[in-house]
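Notes follow the structure.
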Amino acid sequence: MQPSLTGAQTIVTPDQHVLSLNVQPHFFTLADNFTHRYSFDGEGRLIGAFREGINYRRGLRGDVLRKQSLAPGQKLRYMLNQDERQTFLHEMVTHMSHLAGQLEASQQPELNAWLERILAWDVPRLEAERERFDAIYKPISILPPDHYQAVVVQATEGCSWNRCTFCTLYHDRPFRIKGPEELCQHIHEVKGLLGRGMELRNAIFLGDANALIIPQPRLRELLEVVQREFALGSGNALRGIYAFLDIFGAERKSVAAYRELREAQVRRIYLGLETGDPEVFGLLNKPGSPAACVEVVQTIKQAGISVGVILLAGAGGERLAAQHVANSLRIVGAMGLGEGDLVYLSPLMVPDESPYLAQLRDVNSQPLDEQAIDVQLDLLKAGLKAHVDPATKVVLYHLSEFIY
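Here it is, written out as structure tokens:
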């Protein structure tokens, strides 16, 4: 009887390739001579690769993000186009086919089962996942970085505000709320898409842009569907429900309402503060105000739910940079953040056609260049150390690295 292959193992093949395997119940990683490494989910789908110093991450939709370190602190982030993606996938499939042939003599049933699943995914099948994904989801425009491995459940579609001058992420769809039956069907389709890949997912992210604005009675119904369909509770690998919320929506819920969300497994709420400066806040056309965001965060935390606060490095441009930094630090410092809370620092990325750029010109300010944004990121990060509890995590949030 062959011993279980679960765990790490090194195999030298007949052609002297050193293959390092890590076989777990829900994922498989294979490295070839330490220069190529491929990772797969429980369905055998490629989810990541490292080839000759370059990292690749493949999302559930099939997009492939390439990340390459050029110098200390300098990275190239690039989403492969269709031709590049298909060439990359073809090379991966060819390489894995060769490596599988080298492993045939191992006579390891567990390994052979993994290789069979992996080799069933040729390039056409991998590419066909895009159509399948698009039939289930509206575009998933953005997630907090700690939820790139969540199960996204779109209880709503779009953004109920959708008028921020710097953001075009949801302009392609109207805002709407799903009913319980539609949400249930959506979840069944999501589960079918993930299959055994579900076991790699670590939380539920309730989409889209500000799903928690749903009126409480309707939200309660939808959260009951999510809890039932994923059997959330003690012992479940999915650690709870997480979501975005805009400030103007947050003002409508009481401490009691947030406590009810806590009982329904909501664990953290993410708010796009973007800036603590009222003038810059107005340029961004955010709903609410920085002061209102402080009250909202305190209300949410009083209910026992953690928060993630997002700040934009570069907001307000050159003329307003100093007041943006100073007031952002002051406002975040007033929130009482602590263990379990996050502050995300995100470099502002604005499309050329954005009305925000016209707003900047109207106040005689210019956008910060990449170097100036990096300097502001350092200022914000250093300043937050003096303004928030040391248990609060401060993390970079680079939108160009988003892939789902």
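Heads up, the sequence shown is in my numbering, so the first residue is 119 and it goes up one at a time. Each residue gets a CB set at the ideal place from its N, CA and C atoms; glycine is no exception.
Going by C-alpha distance, which of the options is nearest residue i?
{"i": "residue 316", "options": "512, 144 and 380", "result": "144"}
{"i": "residue 132", "options": "216, 200, 173 and 275", "result": "216"}
{"i": "residue 431", "options": "359, 422, 212 and 284", "result": "284"}
{"i": "residue 263", "options": "507, 242, 274 and 464", "result": "464"}
{"i": "residue 516", "options": "181, 220 and 266", "result": "266"}
{"i": "residue 207", "options": "194, 513 and 167", "result": "167"}
{"i": "residue 477", "options": "455, 155, 459 and 435", "result": "435"}
{"i": "residue 505", "options": "454, 521, 487 and 518", "result": "454"}
{"i": "residue 412", "options": "450, 312 and 491", "result": "450"}
{"i": "residue 321", "options": "400, 268, 296 and 354", "result": "268"}
{"i": "residue 289", "options": "296, 280 and 192", "result": "280"}
Keeping to the same chain, check which residues put their C-beta closer than 7 angstroms to that of residue i; ignore five residues upstream and five downstream.
{"i": "residue 433", "result": "392, 393, 398, 402, 442 and 466"}
{"i": "residue 170", "result": "153"}
{"i": "residue 298", "result": "339, 340 and 343"}
Can you grab the Cα-Cα spacing for the pair residue i / residue j, in whole Å?
{"i": "residue 598", "j": "residue 190", "result": "No answer is possible for residue 598: the residues shown for the chain start at 119 and end at 522."}
{"i": "residue 231", "j": "residue 141", "result": "11 angstroms"}
{"i": "residue 510", "j": "residue 201", "result": "43 angstroms"}
{"i": "residue 452", "j": "residue 444", "result": "13 angstroms"}
{"i": "residue 387", "j": "residue 130", "result": "48 angstroms"}
{"i": "residue 260", "j": "residue 287", "result": "8 angstroms"}
{"i": "residue 502", "j": "residue 447", "result": "6 angstroms"}
{"i": "residue 380", "j": "residue 356", "result": "15 angstroms"}
{"i": "residue 278", "j": "residue 244", "result": "34 angstroms"}
{"i": "residue 310", "j": "residue 234", "result": "20 angstroms"}
{"i": "residue 159", "j": "residue 396", "result": "46 angstroms"}
{"i": "residue 149", "j": "residue 156", "result": "6 angstroms"}
{"i": "residue 238", "j": "residue 480", "result": "57 angstroms"}
{"i": "residue 408", "j": "residue 427", "result": "11 angstroms"}
{"i": "residue 569", "j": "residue 335", "result": "In this structure the chain extends from 119 to 522, so residue 569 is not present and cannot be described."}
{"i": "residue 128", "j": "residue 151", "result": "10 angstroms"}
{"i": "residue 575", "j": "residue 492", "result": "Given that the chain is displayed from residue 119 to residue 522, the structure contains no residue 575 and the question cannot be resolved."}
{"i": "residue 222", "j": "residue 138", "result": "15 angstroms"}
{"i": "residue 425", "j": "residue 218", "result": "46 angstroms"}
Can you check whether the C-beta of residue i is within less than 8 angstroms of a C-beta belonging to chain D?
{"i": "residue 420", "result": "Any reference to chain D falls outside this structure, which holds one protein chain only."}
Looking only at its chain, what residues have a beta carbon closer than 6 angstroms to the beta carbon of residue i, apart from the 5 residues adjacent to it on each side?
{"i": "residue 474", "result": "283, 284 and 468"}
{"i": "residue 270", "result": "258, 323 and 325"}
{"i": "residue 333", "result": "none"}
{"i": "residue 212", "result": "none"}
Please report the Cβ distance between residue i and residue j, rounded to the nearest whole angstrom; I am assuming they are in contact, meaning their Cβ atoms lie under 8 angstroms.
{"i": "residue 358", "j": "residue 274", "result": "With a Cβ gap of about 19 angstroms, residue 358 and residue 274 do not count as contacting."}
{"i": "residue 361", "j": "residue 410", "result": "19 angstroms between Cβ atoms; not a contact."}
{"i": "residue 389", "j": "residue 415", "result": "7 angstroms"}
{"i": "residue 513", "j": "residue 460", "result": "6 angstroms"}
{"i": "residue 135", "j": "residue 226", "result": "That belief does not hold up - the Cβ atoms of residue 135 and residue 226 are roughly 16 angstroms apart, past 8 angstroms."}
Near residue i, what residues of its chain come up, given a Cβ to Cβ distance below 8 angstroms and the 5 sequence neighbours on each side ignored?
{"i": "residue 304", "result": "254, 271, 272 and 296"}
Taking only runs that begin and end inside the segment 358-432, name each unbroken alpha helix (DSSP H) of 4 or more residues, in chain order. Those alpha helix (DSSP H) runs which fall completely within the segment 358-432 and span 4+ residues are 365-368, 373-381, 396-402 and 408-420.
Open item on the list: Which runs of the alpha helix (DSSP H) at least 4 residues long sit entirely within the segment 280-306? Give them in chain order.
Closed with: List check, alpha helix (DSSP H) in window: nothing returned.
- Item | Unbroken stretches of the alpha helix (DSSP H), 4 residues or longer, contained in the segment 241-275 | Entirely contained in the segment 241-275, the alpha helix (DSSP H) runs reaching 4 residues are, in chain order, 241-254.
Requested in this report: Could I get the ranges of all uninterrupted beta strand (DSSP E) runs contained in the segment 150-207, with 3 residues as the minimum, in chain order?
Outcome: Listed in chain order, the beta strand (DSSP E) elements of length 3 or more contained wholly in the segment 150-207 are 154-159, 164-169, 172-176, 182-189 and 192-197.
Could you tell me which uninterrupted alpha helix (DSSP H) segments, each at least 4 residues in length, are contained entirely in the segment 446-499, listed from first to last along the chain? You should have 473-480.
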